[in-house]
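Remarks on the structure that follows.
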Amino acid sequence: MESAARDQWYTIGALNDFPEGLSHRRLLGTDLTITRDGNSFAIHGARTRTDYGHLWVTLGTPERDLFDLPESREPDRRSVYCGAVQVRASGLRLVENFLDLAHFPYVHTDILGVEENPEVAKYEVEQRRDVDELWATKCEFFQPKAAASSEGGQISQYMYRVVSPFNVMLYKTPPSAPNRWDVIALFVQPVEPDLSIAHPYMLVIDDTSTDAELIGFQQMIFLQDKIVLENQRPRLLPLQPGRETPTRADLSSVLYRRWLKEKGLTYGTEARTDRVA
Ligand SMILES: [Fe+2]
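So this is what it looks like as structure tokens:
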């Protein structure tokens, strides 16, 4: 496996998902045996750390520390674990779909978008080289039901932040606190090149919804995405120019693919299959 994939931090689950003693997971085609002793975790042949309520693992030597999530230290936020979802698609497809604003009216019809209003307004993308992150800012979209606590439609403001090839988060105006940002993270565990486990996680400002309502809303959205993702062909992400019609290739998708190429990341891409063949 290339170092660009090996030398990264990946989550393999929320801390509460691991029982005391031994449990098993799979990451990058590698079986892992996790030993839990209270709050300490160990995996033979891998390094671990615990952050943001999740267990993080690397099979190599990451150049950087795990990304910072300052919102996790804000005391009035609720951390919500939405449960792990297996998706038969490349983890890179999951991240790219998460970044795609254009699918809201068609995939999340009458929730995150409306078919009568499908245009994506112009937004900005940038690669922040000091932190090696991709950002999309000034995204705006009319949403009939933007969040679990919404009582009507709103123009939602969005920002997207890609912190590593398989970890992404979006910042979105909460219905109740227009001057702050809800954080919705998608941590992807690449199990095989074309098989992933998504770990959606939220840090939200919401005094009214129950945990069950917040989780239910997120799961409904994610199951709509899962259907689309599992029907997409190829299951791996094509990186060759012109391989895929550019309907989905909006600004952030173009930047994301270019960034993966620059990193030499091939796990979960079609480039890898080509090379093996
Ligand atoms: Fe979606």
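Reminder that position 190 of the sequence shown reads as 189 in numbering that gives the first Met the number 0, one-by-one numbering, no gaps.
The C-beta atom is built at its ideal place from N, Cα and C for all residues, glycine as well.
For the beta strand (DSSP E) that contains residue i, what are its first and last residues?
i, result
"residue 51", "Premise fails: residue 51 is in no beta strand (DSSP E) and is neither H nor E."
"residue 155", "153-163"
"residue 134", "132-142"
"residue 229", "Unbroken run through residue 229 is the alpha helix (DSSP H), 210-230; no beta strand (DSSP E)."
"residue 44", "First-last for residue 44: undefined, no H or E at that position."
"residue 66", "It is not in any beta strand (DSSP E) - residue 66 carries neither H nor E in the DSSP assignment."
"residue 86", "84-86"
"residue 114", "Looking at the DSSP string, residue 114 is not in any beta strand (DSSP E), and its letter there is neither H nor E."
"residue 13", "9-13"
"residue 77", "77-80"
"residue 195", "194-203"
Between the alpha carbons of residue i and residue j, how many angstroms are there, rounded?
i, j, result
"residue 9", "residue 133", "18 Å"
"residue 208", "residue 90", "30 Å"
"residue 267", "residue 11", "17 Å"
"residue 42", "residue 23", "10 Å"
"residue 68", "residue 233", "33 Å"
"residue 63", "residue 212", "36 Å"
"residue 50", "residue 228", "28 Å"
"residue 247", "residue 121", "In this prediction, residue 247 has a pLDDT of 46, which is less than 50 and means its spatial position is unreliable; nothing more can be read from the coordinates."
"residue 184", "residue 163", "12 Å"
"residue 265", "residue 152", "40 Å"
"residue 37", "residue 47", "15 Å"
"residue 278", "residue 224", "Outside the modelled stretch of the chain, which goes from 0 to 276, sits residue 278, for which no answer is possible."
"residue 13", "residue 79", "10 Å"
"residue 174", "residue 197", "25 Å"
"residue 154", "residue 109", "13 Å"
"residue 251", "residue 39", "38 Å"
"residue 210", "residue 149", "15 Å"
"residue 166", "residue 18", "25 Å"
"residue 282", "residue 186", "No answer is possible for residue 282: the residues shown for the chain start at 0 and end at 276."
"residue 199", "residue 159", "15 Å"
"residue 31", "residue 55", "12 Å"
"residue 74", "residue 220", "27 Å"
"residue 168", "residue 145", "16 Å"
"residue 206", "residue 94", "29 Å"
"residue 231", "residue 204", "34 Å"
"residue 82", "residue 0", "28 Å"
"residue 170", "residue 44", "35 Å"
Do residue i and ligand 1 come close, with the Cβ less than 8 Å from some heavy atom?
i, result
"residue 107", "yes"
"residue 96", "yes"
"residue 250", "no"
"residue 220", "yes"
"residue 186", "no"
"residue 141", "no"
"residue 99", "yes"
"residue 198", "no"
"residue 103", "yes"
"residue 224", "yes"
"residue 280", "Because residue 280 is not part of the residues shown, which for the chain are 0 to 276, the question remains open."
Go through its chain and collect everything with a Cβ distance to residue i's Cβ below 8 Å, but skip five positions before and after it.
i, result
"residue 70", "76, 180, 182 and 202"
"residue 193", "87, 88, 89, 234, 235 and 267"
"residue 262", "3 and 164"
"residue 269", "233, 235, 236, 237, 238, 239 and 242"
"residue 140", "100, 103, 111, 112, 119, 120, 154, 155 and 157"
Can you find the residues in the same chain that come closer than 6 Å, C-beta to C-beta, to residue i, ignoring five residues on each side of it along the sequence?
i, result
"residue 6", "59, 60 and 61"
"residue 104", "112, 113, 114 and 117"
"residue 66", "162"
"residue 191", "28"
Identify the continuous alpha helix (DSSP H) that holds residue i and give its terminal residues.
i, result
"residue 105", "103-106"
"residue 126", "From DSSP, residue 126 is part of no alpha helix (DSSP H) but of the beta strand (DSSP E) over 123-127."
"residue 4", "2-5"
"residue 31", "From DSSP, residue 31 is part of no alpha helix (DSSP H) but of the beta strand (DSSP E) over 29-36."
"residue 96", "90-98"
"residue 261", "250-262"
Ignore the nearest five residues each way along the sequence and tell me which others in residue i's own chain have a CB closer than 7 Å to its CB.
i, result
"residue 2", "59"
"residue 258", "126 and 133"
"residue 29", "58"
"residue 188", "9, 10, 11, 26, 195, 196 and 198"
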